[in-house]
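Chains as they are written, first to last, in our numbering: chain A, 1 to 692; chain B, 693 to 1384.
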C-alpha cells in the first residue's frame, strides 16, 4: 500500500511529541487582524463619522468590520448559532453576525436562573433520569451539538448534544429551548463521536471515546486492553413527533478498542452510512507508574497513540444494520441490542479505511460524495470518494483486516485527493461551491481549498489550496452558516479558537476562548484580495465550546409563552394546573398539598403554615400569558428556586425539615411591585405540638 | 408635616395595585431606538461602505452607533462592568463599550467550567463555608456587586456581592477573579441592601430584606410581626490586606421590622454615615388563607405595604457605632456584637427620614452632600441635603418617633428638592457635572435632572428635569462609568432593562434581559439634540442582573498565570505543590495519596490503581507557566471536574466507592494532542481481593 505522507509530518510529530508546546501564531496587538492595516483616515467617511473613527483610532478595515457585524438596537440577527459549552455542561445560543449571547440553555449542569435542578420537577426529573445508572452527576462536557434535520437540512425542531465525560446525551426542544431528556447511553463510558443526526433525524449517532471493559460490569486491567476493552457506535432512534430518544428502537455496534473520535452521517448519495474517525489504533494504554521509584514506566498516551502513520476511518452501513437488528442477530447488553464485531464483519456493514494520522475530523461534503479527514499530525486533508468506497466494498478491494477481522479498504483505491493545508488540520466545513475550509490548530489559520471537479467553479483546480486566513489562536473546530446541511449558505464562518492570549484585557488566569467571525462572501467590497475577511472577536468566558451549528433564525419558531397550564417536562397540559381563583391547600396527615397561582405581583396563597417534618407539595401555576412575564419561586434556606414562564405549571416537593419562618419570593423582577411579591413558609417546630 | 406628593402618584398606585399590569413603552420594530430615523443613505459614507450600509438597511444613527460601540478584533475595551447575575448566582464580567461578555465568575452556584464545586478543594471549601449554618445551598440570588474603594474611588482589588435569597455575601479577589469567601451573615435570613462598600473599604454593608424572627432561633407566627420580627444592618469588616470579611471586627445594628431595601454609603462630607431605604413600614405580613373556603383573607403584601404615602429612609452613623461596639454596649447574637434598637436610639446613631413612597434606590451623589431617593409609587425623586440632615439631628428637629422610638427628622427641614421625573422611578446614578440619571420602570425611560446650585453648570436650574431617553423595557437599575465613586467619568451609561419584549428574535418563553448602552458624552457628533444617545442592545440570557459597577479596565491588574504551585484558596504557595519529576504515589492502609503533574499533553502518573473503598487524595499541579495553558482534570462517572490554571495546585479528595475502570482526562483543549491527554483510574472491586 502506497500512502501519501509528507516529510513535514515528521517534523510536526517531533515538535508535538517531544513537548515543544508549539502554538502557531505570533501575537501582535498593533495590527490584530493581521492584514497589515495601520490607523488612517480616508476610509470614506465624512465629518462627524470620521471624527468618531479618528478618536477611536479605527483603520478602514475596522470601519468596514463595524458595519458588517453591527446589529442596530432592536433589530434581529439573521442566524442563530448553537454552541456546545464544553465542560460548563450547557449550550449557548448566539446571534450572528452580532455575536451576542442570547441565552444559555441548561443541559447537564444545574442552573438556577432557569430553575434547572433546584427543586422544580422538570429539571430534577431530567437530571435524575440522566443519573439512571446509579450515578450522581451534576455536570457534563458538551462537545457536539446537532440540530435535527429533514431531507438533510436543519429543520429547527430539536437539538442534541453529547456529554463527553460521562457518555450521555441531552435532547433540547427548540420550542422552549429547554432540555427534555438526558440519556445515559448504555455500554459507553465516555463519548466524543456525538451527536450527529442522520438526514431525516432517524437517529442521533453517538460513539464511545475511550473504550471500556466489555461486557460492561466486568473488571479488567488496562494491561488487557486489546482483549477486554471495546468501543461502541450507538444509533439512538428519535421519535418523529417528540424528537426524544426511544431506546427500544435504538441499537449499537461493537467497535474495536481504538479511540473513536469525531463522526458524521452520510447524506444524499451516502445516506444510510455513517463515518467515525479513530486514533490510538496502537491500543496504547498510557504509562504505568512505578510506586517504588516514583517514575513512569513506558510512554504516556500522547506518544503511544502516535506511533503509527495511519489510523482507521470507520465506515458503517447503518441502514443495513437496521435489518440485522430486525432479524434479531444481536446480543442484548445494557438493555440495547448490540451487533457484535463478528456479526458486523460477517454481515458486511463495517469497514475501515486508513487515515493519516491521529485524525480529528471526518466531514462529509454537502453532496454526500466526499469524505474529508484531517490527521492532526499530518499537514494534509485527505479526501475519499464515497462512490469509490462503494466500489471497493463491492470488489472486496481490501488491504487486509485489522486485528479484529474488520476489512480495511485499499487506501489508494478510495482516496481521490490530498491537499497540503498546513500544520495541525482538525476539522472541515464547506460552502455550496465546492470548497472545504479546514481549521489548522498549530498554524492558527483556516485553509480554503477545492473539492473535486464535479462541484468546483470552472477555472479552479480540484484538490488545491485556494486561500488562508490567520485566526487567534489555536483553532479547534469551525462552522459555516447552515454548514452541516446539504446546502450551506456561503456567507459567514466562525472559528472556534481555544486560546485568546492577548486578544482581551486580562481577566484572571482563566482566559476566555475566542470565537472569530469571518466573512466568506464572494466579491466583498474592499476585500477582493482576501476573500476570507476576519470581522469580529467574541470572547467566550463561560465554557469551552467545541463545536457549533448555525441555523437561519427564521427556521426556528420558539414559543413566546406556554399555553396556559403547560408542563415543561411534557409540553402538554399539566394535570394540576389552575386558573386564578382555583388556589387551594389540602392536608392529609403529614402531607400538605398546595395549588398556588402567581401573577404580578403576588402569590396566592402567600402564607403557608406547615409543621416540621411535613411532606410539602406545591403546584405553582404562572397564570399570566404576557410575553416576558416570568416569575420565580424561591424559598430562603430551602435551596428551592424555580423559573415559571407565562403559562407554566411546575411542581415543588420537599420535606419541611427545617423549622422556622422562611421568606419565599419571586426571583424575577416582574413589575414595579416585584419587591413586594413575597410570602411566608411557616414551619412550626414539631416540639411545639408534641410538647416537651 | 407638609409633604410634596403629586396627584399622579395616586394614579400610579391605583394602576399598579389593582393589577393593571402596566408596562411603559410601546414596541416598534421599524424604528427601535425611538429617535425617529428611517433608513436612508447620506450618512457620510462613500462607495464600498455605503453599499454595506445599504444592504443592511442602516440609518445614519445605525452607522454612528456601529462606530461608537465596535471594538475591533484584538483591541481592548476601555471599561470592565461587573454585573450581578441575579438568581444565576454568578457574576458577569462585561467589556464596555463593546458589551461583550468576557467571563462569568462562579459565586454561589457550582460551575464546572471553572471547576467550582465539582471536587476541587478551592470551590468545595468555599461552598461549604457558605453553608456553615447547616444549610445545603447550591445557588444564590446576586443583586448588588460592589467594588472595593480607596478614598472613594474604585481601586480594582476586590468585589463583593450579596445573596438576596439566603442572606449571604461573597468576596471575589480580582487578581484571579475567583470567589474566595462566602459568608452566611448572622441574624439575617434574606438581604437586599448589600453590598455597599464604605469609601476606604472599611466595611461591606449588608442589611436584611424581610425581617426575621428575633432573636434568631425563636419561632413566632407572622401575626406577631411587630413584636417578634426584626431586621439588621450589618457592617462587615474587611481585612485591608486580603479583602476578606473578618467577622470578629464586624457588628450589626438591630432595625425595625420594616422591609429594608437598597442602601448606600456616605462619601466625602457624609463619610462615616450610611443610608438604607425601606418599604412596608406598614408592617403588613401579607394575606392569610382560609383553608376551609380556599380564599385569601386580607390583602397581599403588594397592597398592604403600599397604604402609607411615606416610608422611612434609615440614616445610620456607622463611625459612631464603632465606638459603641468598642465600648461593649452590645448584645452578642449569632457570634456578632449587635447594637440594639434601644441602644442605637439612646446613643443617637440612628434616625429616620420620611421618604415617598415604597422607595427603591437611595443614592449618594459624588460630593456626598445629596441623598436621592426614588419612591416607585411616586413620580418624583426626592433630594435631601446631608448638611441639613446634620443640622436637624443637632437641633433635634424631629417630627416624632416611629413605633420603636427612632427619631424621625422633619421632612421639610432636610428635603431640598423634588424633581418630577416620571412614572416608576427606581434608582439614580450621577455624572461629575451635577446631574442625576434616574431609571423609570413604568415609563421605560431614563430622566436626566439637575442637582443643587453648588454642583450644576451655570445656566441650569437646580432640581429640574433636563432630558429623557426611552429604554426597552422596564428598566430596573442603571449605572454610569465609575458611577458610584467620587468622580464619575461622564461618558457611558448602561440601562438594566428587565424585559426585552420584541428586541430579540424569540428564543423560548424565557426571554433575555436587555442591557442598553447609552452615550452621555457632551457634544456628541450628530446628536446635539439628544445628549442621551442609545447605542447598543446587549441581551442577557444567562441570569437577571440587578446592578452593575463599571470600572476603568486599567485599574484592575489580574494575574495572567499563578506563580508556580499556588493554592487558589489562599493565593499563597500550596503545601503539596510539585515540579515536574516530583510526582509520587503513597499508600497508607486504605488511604492513597497522589502527587500528580499536568502539562501539555499528559498526566504523570496517568494510570492510578486503587481498591474499592479507598480514600483517594490527589494533589494536582499544573506545572506550566504559559498564559492560557489551562488544563482540566475530570474523572468519568465520579462527578469530579477541576480547572487548573497555569501554576495552580488543587486537591481532589474522594472515596473510590464505584469499582471499575474510569477514564480521566484533560477537559481543556490544551494542545494538538489534547485528545490524547487522558489516563485511567482503576478501582479494583473489593471482592477481588477479599475473596468470595
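Idealized CB from N, CA, C, for every residue including glycine.
Could you give the C-beta distance for residue i and residue j, rounded to a whole number, given that I count them as a contact under 8 Å?
i, j, result
"residue 356 of chain A", "residue 382 of chain A", "6 Å"
"residue 1333 of chain B", "residue 1324 of chain B", "7 Å"
"residue 1373 of chain B", "residue 1300 of chain B", "5 Å"
"residue 284 of chain A", "residue 266 of chain A", "Actually they are not in contact, since the Cβ atoms of residue 284 of chain A and residue 266 of chain A sit about 30 Å apart, beyond 8 Å."
"residue 71 of chain A", "residue 109 of chain A", "With 8 Å as the limit, residue 71 of chain A and residue 109 of chain A do not qualify as a contact, their Cβ atoms being about 29 Å apart."
"residue 300 of chain A", "residue 1298 of chain B", "6 Å"
"residue 869 of chain B", "residue 797 of chain B", "5 Å"
"residue 973 of chain B", "residue 1003 of chain B", "5 Å"
"residue 668 of chain B", "residue 953 of chain B", "Here chain B comprises residues numbered 693 to 1384, so residue 668 of chain B is not present and cannot be evaluated."
"residue 562 of chain A", "residue 684 of chain A", "With a Cβ gap of about 35 Å, residue 562 of chain A and residue 684 of chain A do not count as contacting."
Apart from the five residues just before and just after residue i, which ones in its own chain have a Cβ nearer than 6 Å to its Cβ?
i, result
"residue 713 of chain A", "The structure shown does not extend to residue 713 of chain A, since chain A spans only 1 to 692, so no value can be given for it."
"residue 881 of chain B", "859 and 904"
"residue 1181 of chain B", "1173 and 1174"
"residue 16 of chain A", "Summary for residue 16 of chain A: the model assigns pLDDT 46, below 50, so the residue's position carries little reliability; its value from the coordinates is reported in the next sentence. Nothing listed; no residue qualifies."
"residue 664 of chain A", "635, 679 and 681"
Which residue comes first and which comes last in the alpha helix (DSSP H) that contains residue i?
i, result
"residue 1238 of chain B", "Run containing residue 1238 of chain B: none; DSSP gives neither H nor E here."
"residue 386 of chain A", "386-394"
"residue 219 of chain A", "Per DSSP, residue 219 of chain A belongs to no alpha helix (DSSP H) and is neither H nor E."
"residue 60 of chain A", "60-69"
"residue 944 of chain B", "Not the alpha helix (DSSP H): residue 944 of chain B falls in the beta strand (DSSP E), residues 937-947."
"residue 125 of chain A", "121-129"
"residue 744 of chain B", "739-747"
"residue 320 of chain A", "318-326"
"residue 228 of chain A", "225-228"
"residue 1038 of chain B", "1033-1039"
"residue 1373 of chain B", "Run containing residue 1373 of chain B: none in the alpha helix (DSSP H); it sits in the beta strand (DSSP E), 1370-1376."
Residue j and residue i - do their beta-carbons sit closer together than 9 Å?
i, j, result
"residue 874 of chain B", "residue 818 of chain B", "yes"
"residue 85 of chain A", "residue 542 of chain A", "yes"
"residue 1103 of chain B", "residue 1091 of chain B", "yes"
"residue 787 of chain B", "residue 503 of chain A", "no"
"residue 1009 of chain B", "residue 971 of chain B", "no"
"residue 814 of chain B", "residue 1259 of chain B", "yes"
"residue 1266 of chain B", "residue 1273 of chain B", "no"
"residue 498 of chain A", "residue 476 of chain A", "yes"
"residue 259 of chain A", "residue 231 of chain A", "yes"
So residue i is in the beta strand (DSSP E); what residue range does that whole segment cover?
i, result
"residue 801 of chain B", "Element bounds for residue 801 of chain B: n/a, residue is neither H nor E."
"residue 265 of chain A", "259-265"
"residue 1105 of chain B", "Note, residue 1105 of chain B: premise wrong, no beta strand (DSSP E); alpha helix (DSSP H) at 1103-1106."
"residue 438 of chain A", "435-440"
Going by beta carbon distance, what residues of the same chain come within less than 8 Å of residue i, once the five residues before and after it are set aside?
i, result
"residue 479 of chain A", "81, 429, 493, 494, 496, 547, 548, 549 and 550"
"residue 223 of chain A", "285"
"residue 462 of chain A", "417, 450, 451, 452, 453 and 456"
"residue 100 of chain A", "71, 77 and 94"
Taking 7 Å as the limit between beta carbons, can you name the residues of its chain near residue i, skipping five residues before and five after?
i, result
"residue 554 of chain A", "none"
"residue 1011 of chain B", "964"
"residue 401 of chain A", "407 and 408"
"residue 1366 of chain B", "1293 and 1358"
"residue 917 of chain B", "949, 975 and 977"
- Which residue spans inside the region 615-672 of chain A form an unbroken alpha helix (DSSP H) run of at least 4? Whole alpha helix (DSSP H) segments, 4+ residues: zero.
- Query: What runs of the beta strand (DSSP E), each 3 residues or longer, lie entirely inside the region 567-617 of chain A?
  - Reply: The DSSP assignment places 584-588, 591-599, 602-604 and 607-611 as complete runs of the beta strand (DSSP E) inside the region 567-617 of chain A, in order along the chain (cut-off: 3 residues).
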